[in-house]
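As structure tokens, the structure follows; a few thoughts come after it.
Protein chains: 2
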Amino acid sequence: MTDISKKKATIYDLSILSGASPSTVSAVLNGSWRKRRIKEATAQLIQNLANEHGYTANLQARGLRSSRSGLVGLLLPVHDNRYFSSMAQSFEAQVRSRGQCPLVVSACRDPEEERQVVETLISYSIDELFIAGATDPDGVHKVCEKAGLKHVNIDLPGTLAPSIISDNCEGARMLTQAIIERAQEDGPLSPDDLYLFGGRNDHASHERIRGFRDVKRALLGADPDVCIQPTGYSPAMTARAFETFYEGHGKLPRAFFVNSSINLEGLMRFLALHPHETFADIIVGCYDYDPFGSFLPFPVFMIRQDSEAMITKGFAILDADRGAPITHLVRPTLVPPRTALTGPLDALKDIE
Amino acid sequence: MTDISKKKATIYDLSILSGASPSTVSAVLNGSWRKRRIKEATAQLIQNLANEHGYTANLQARGLRSSRSGLVGLLLPVHDNRYFSSMAQSFEAQVRSRGQCPLVVSACRDPEEERQVVETLISYSIDELFIAGATDPDGVHKVCEKAGLKHVNIDLPGTLAPSIISDNCEGARMLTQAIIERAQEDGPLSPDDLYLFGGRNDHASHERIRGFRDVKRALLGADPDVCIQPTGYSPAMTARAFETFYEGHGKLPRAFFVNSSINLEGLMRFLALHPHETFADIIVGCYDYDPFGSFLPFPVFMIRQDSEAMITKGFAILDADRGAPITHLVRPTLVPPRTALTGPLDALKDIE
DNA sequence: CTTTTTTGCACAATCGATGGTGCAATGACT
DNA sequence: AGTCATTGCACCATCGATTGTGCAAAAAAG
Numbered sequence: 001m002t003d004i005s006k007k008k009a010t011i012y013d014l015s016i017l018s019g020a021s022p023s024t025v026s027a028v029l030n031g032s033w034r035k036r037r038i039k040e041a042t043a044q045l046i047q048n049l050a051n052e053h054g055y056t057a058n059l060q061a062r063g064l065r066s067s068r069s070g071l072v073g074l075l076l077p078v079h080d081n082r083y084f085s086s087m088a089q090s091f092e093a094q095v096r097s098r099g100q101c102p103l104v105v106s107a108c109r110d111p112e113e114e115r116q117v118v119e120t121l122i123s124y125s126i127d128e129l130f131i132a133g134a135t136d137p138d139g140v141h142k143v144c145e146k147a148g149l150k151h152v153n154i155d156l157p158g159t160l161a162p163s164i165i166s167d168n169c170e171g172a173r174m175l176t177q178a179i180i181e182r183a184q185e186d187g188p189l190s191p192d193d194l195y196l197f198g199g200r201n202d203h204a205s206h207e208r209i210r211g212f213r214d215v216k217r218a219l220l221g222a223d224p225d226v227c228i229q230p231t232g233y234s235p236a237m238t239a240r241a242f243e244t245f246y247e248g249h250g251k252l253p254r255a256f257f258v259n260s261s262i263n264l265e266g267l268m269r270f271l272a273l274h275p276h277e278t279f280a281d282i283i284v285g286c287y288d289y290d291p292f293g294s295f296l297p298f299p300v301f302m303i304r305q306d307s308e309a310m311i312t313k314g315f316a317i318l319d320a321d322r323g324a325p326i327t328h329l330v331r332p333t334l335v336p337p338r339t340a341l342t343g344p345l346d347a348l349k350d351i352e
Numbered sequence: 001m002t003d004i005s006k007k008k009a010t011i012y013d014l015s016i017l018s019g020a021s022p023s024t025v026s027a028v029l030n031g032s033w034r035k036r037r038i039k040e041a042t043a044q045l046i047q048n049l050a051n052e053h054g055y056t057a058n059l060q061a062r063g064l065r066s067s068r069s070g071l072v073g074l075l076l077p078v079h080d081n082r083y084f085s086s087m088a089q090s091f092e093a094q095v096r097s098r099g100q101c102p103l104v105v106s107a108c109r110d111p112e113e114e115r116q117v118v119e120t121l122i123s124y125s126i127d128e129l130f131i132a133g134a135t136d137p138d139g140v141h142k143v144c145e146k147a148g149l150k151h152v153n154i155d156l157p158g159t160l161a162p163s164i165i166s167d168n169c170e171g172a173r174m175l176t177q178a179i180i181e182r183a184q185e186d187g188p189l190s191p192d193d194l195y196l197f198g199g200r201n202d203h204a205s206h207e208r209i210r211g212f213r214d215v216k217r218a219l220l221g222a223d224p225d226v227c228i229q230p231t232g233y234s235p236a237m238t239a240r241a242f243e244t245f246y247e248g249h250g251k252l253p254r255a256f257f258v259n260s261s262i263n264l265e266g267l268m269r270f271l272a273l274h275p276h277e278t279f280a281d282i283i284v285g286c287y288d289y290d291p292f293g294s295f296l297p298f299p300v301f302m303i304r305q306d307s308e309a310m311i312t313k314g315f316a317i318l319d320a321d322r323g324a325p326i327t328h329l330v331r332p333t334l335v336p337p338r339t340a341l342t343g344p345l346d347a348l349k350d351i352e
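Chains A and B, in that order, are what the protein sequence lines are. Per UniProt numbering, the first sequence starts with residue 1, numbered consecutively. Per UniProt numbering, the second sequence starts with residue 1, numbered consecutively.
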């Protein structure tokens, strides 16, 4: 607190002040001083000086020397989405509780950008990397491997590294069953009354579609191909798909499964252009949870993926140092309409 | 690509391979080679070798030497919220377009944590810092100043550093006027029919409350103090406030202003516990935009803050190197109910 | 064919921390 | 008192880049 100096203190400054050598100062301040048999009194002296001058280690220097940085990366497709942002939130908490520093970046689902961004992270010598929802996990894997960087895939699996993903098929089954049952409360449901919108050519989408079709066939007897409408992960494209359907049928399907909250945003865009009546009685299932999405003016069943558990599992795998490309499934939960779940925010104390 | 080596190539490796000295290699690879009068041919040779071996600079080493890191920090209260996550998204895009690396972290609105997190960032020698929505901007300022770190406040102003904030008072006026007018369409509105929930003892809340009261008095003639219910920024506390009101009155206020989307989540929690009828005819204004919040089953007017413009302005101020604690206002926009705005995501190409 | 200028590059110090090694002083033990 | 073990610490190379400086060789000038 009492420091006059404008620049940050270094171990050399403290070395002069304390009369000890820089290596002694270093040992004291990084905790290895007992191992190095530094006298308790010396350690105390140095620690006091360090506090007094607000010393903090230069982590770039430490990282350079030790070829570790204390940084742990999380690569996301986008920030601006409750699923990924709550993943970022849990990630950050867990990384910090391990004494490391989180580095959350997004790569816009662009395979080339994914690789580039990871190259950048590697240049900072990050210690570990979580690859979430990558379009090309295996491409990223190769970049990591070349640099000897430990990593796991989250949300979308790769074939070359361990993956932790939502049990998409089972989640889709729960969700599909829920919307079918709900729709049937209002009368019989024919196979053409139940659609699926969104998703693209990735593992998650495939599994969700599989779960959807299984349950739909089991309960409704059929699933015409036209009822599956993969639109990519863009609100605009999804909105267009709804629009097209609406133009053809004069209404929306009685019930439908939306592949993600991003696609659900596409539904909002469609709704914005049409009067309320257009969708007064639809039943929606969305594979993702959003606290406001759950309260839309029609029943929205949602699937909440347990991103916190995925991150935890990811660290367990990294710690165990298993690089085998095994896929671990994490069970998601079905969230009925009009449900306000608590999130990572609730851990905060909110004084006043 | 043809590299056999397991470890990352360094300028020393390339120095041996090319026959040039490390300093020459360094100059070539960091672009300063013309200034250093390196022959074009030599530069080419080295650049080819670098590509061949997939060389990338060790940014920790560079940072150590140059005491800059290429990292730009953004300190958020939380990730898990559309306002802040879309801010993170624009921030990231802008930082990358400047050739730097974004470092987005959250500090849970805890002043002590804010300072600690910033200390950590400083240890990594970040070059610049955006302090968004900090509970104690001035406390963070002091930490930055001691380290000579350039910084700006976003969203919540400090008194010691330049601040860029939403024009909260004006936004609140627009929002208040909108909900009053809308409520009056259904009949006369008395001052006790219009409440404000959420916010706490910070600049933004004060300004919003001021705007709210101004307009309310102008249009409704009065604003009893009981109509202002600051609940902090926690969904749980906000929900309790609604519950309390409901217990006392058997209904919610006809119209109310909610201070942020986080507080609006509190409304969801309340709603989850009550039947639809309870809130069939409320009119809500929310100071924040959320794409799903806009489509709730009652009219929700929202204010969209222009976080992209704030970040842009922030860089302008940092680049101009003005440290004067001036507060810049950025005008937000009023978003009528059932509106789906496009966001940073829409810039993405979505192949397939 | 000198002298001066320009070109092209190598050398070496430096950033701040880490960790292996070595050595003096102290204490224990015979 | 002499030997040996232990304690407590200093020394120094090292991580990979940057940058000021110096010096040959080549080119231009005289």
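For every residue, glycine included, the Cβ atom is placed at its ideal position computed from N, Cα and C. Quick caveat, the model's predicted, so the values are computed rather than measured.
Within chain A, no residue has its CB atom less than 7 Å from the CB of N259 (chain B), the nearest being about 13 Å off. The beta carbon of E119 (chain A) sits closer than 8 Å to some beta carbon of chain B.
As summarised for the region 134 to 198 of chain A, the continuous beta strand (DSSP E) elements at least 3 residues long and confined to that stretch are 150 to 154, 163 to 166, 194 to 197, given in chain order. Secondary structure of A255 (chain B) (DSSP, three-state): strand.
A distance of 8 Å or more separates the beta carbons of P111 (chain B) and P325 (chain B). Taking 8 Å as the cut-off between beta carbons, the residues of the region 289 to 322 of chain B near chain A are D290, P291, F292, G293, S294, F295, L296, P297, in sequence order. Remark: C-beta atoms of S21 (chain B) and L49 (chain B) do not approach each other more closely than 8 Å.
Per DSSP, the unbroken alpha helix (DSSP H) holding E308 (chain B) starts and ends at 307 to 320. As a beta-bridge residue in DSSP terms, I283 (chain B) pairs with B:A255. Residue A:N259 holds the alpha-carbon nearest to the alpha-carbon of I303 (chain A) among A:R68, A:N259, A:K142.
No Cβ-Cβ contact shorter than 8 Å links I179 (chain B) with I154 (chain B). The beta carbon of P137 (chain B) sits no closer than 8 Å to any beta carbon of chain A. For the pair W33 (chain A) and S123 (chain B), the Cα-to-Cα distance works out to about 21 Å. Taking a Cβ-Cβ threshold of 9 Å, the residues of chain B close to E265 (chain A) are P291, F292, A340, G343, L345, in chain order.
Bounds of the alpha helix (DSSP H) holding H249 (chain A) are 235 to 249. Only residues of its own chain outside the window of five on either side were considered, and among them K150, A161, P162 have a CB closer than 8 Å to the CB of G323 (chain B), listed in chain order. Taking one beta carbon from each stretch, the region 299 to 314 of chain A and the region 232 to 245 of chain B have fewer than 3 pairs nearer than 8 Å; the two do not touch.
Looking at the backbone, the Cα of E52 (chain B) and that of V143 (chain A) are separated by about 15 Å. Residue-level contact check: V104 (chain B) touches chain A, since one or more beta carbons of chain A fall below 8 Å from its beta carbon. Closest in alpha carbon position to F295 (chain A), among A:T176, A:I16, A:G99, A:L264, is A:L264.
Within a 10 Å sphere around the beta-carbon of Q60 (chain A) sit 16 or more other beta-carbons, which makes this residue buried.
The beta-carbon of S26 (chain A) is placed no less than 8 Å from the nearest beta-carbon of chain B. With a minimum length of 4 residues, the unbroken runs of alpha helix (DSSP H) contained wholly in the UniProt domain "HTH lacI-type" (9 to 66) of chain B fall at 11 to 18, 22 to 30, 40 to 52, 59 to 66. Within the same chain, Cβ atoms closer than 8 Å to the Cβ of D306 (chain B) are found at S166, V330, R331, P332, T333, the five residues on either side in sequence being excluded.
Not one beta carbon of chain B lies nearer than 8 Å to the beta carbon of R240 (chain A). At a cut-off of 8 Å between C-beta atoms, R115 (chain A) does not count as an interface residue with respect to chain B.
Interface flag for K150 (chain B) against chain A is unset, since no Cβ pair is found closer than 8 Å.
Put simply, the backbone Cα of A41 (chain B) is about 11 Å away from that of V28 (chain B). T135 (chain B) is classed as buried because its beta carbon has at least 16 other beta carbons within 10 Å across all chains shown. Not a single C-beta of chain B is nearer than 8 Å to the C-beta of Q47 (chain A). Annotation: E277 (chain B) has no Cβ neighbours in chain A at a cutoff of 7 Å; minimum Cβ distance is about 13 Å. Taking C-beta atoms as the reference points, G285 (chain A) and F298 (chain A) fail to come closer than 8 Å. Around the C-beta of K7 (chain A), fewer than 16 other C-beta atoms lie within 10 Å, and the residue is accordingly described as exposed.
E92 (chain A) belongs to the set of residues whose beta carbon lies under 8 Å from a beta carbon in chain B. By the neighbour-count definition (other C-beta atoms within 10 Å, threshold 16), H79 (chain B) is a buried residue.
Assigned with DSSP and collapsed to three states, F212 (chain B) falls in helix.
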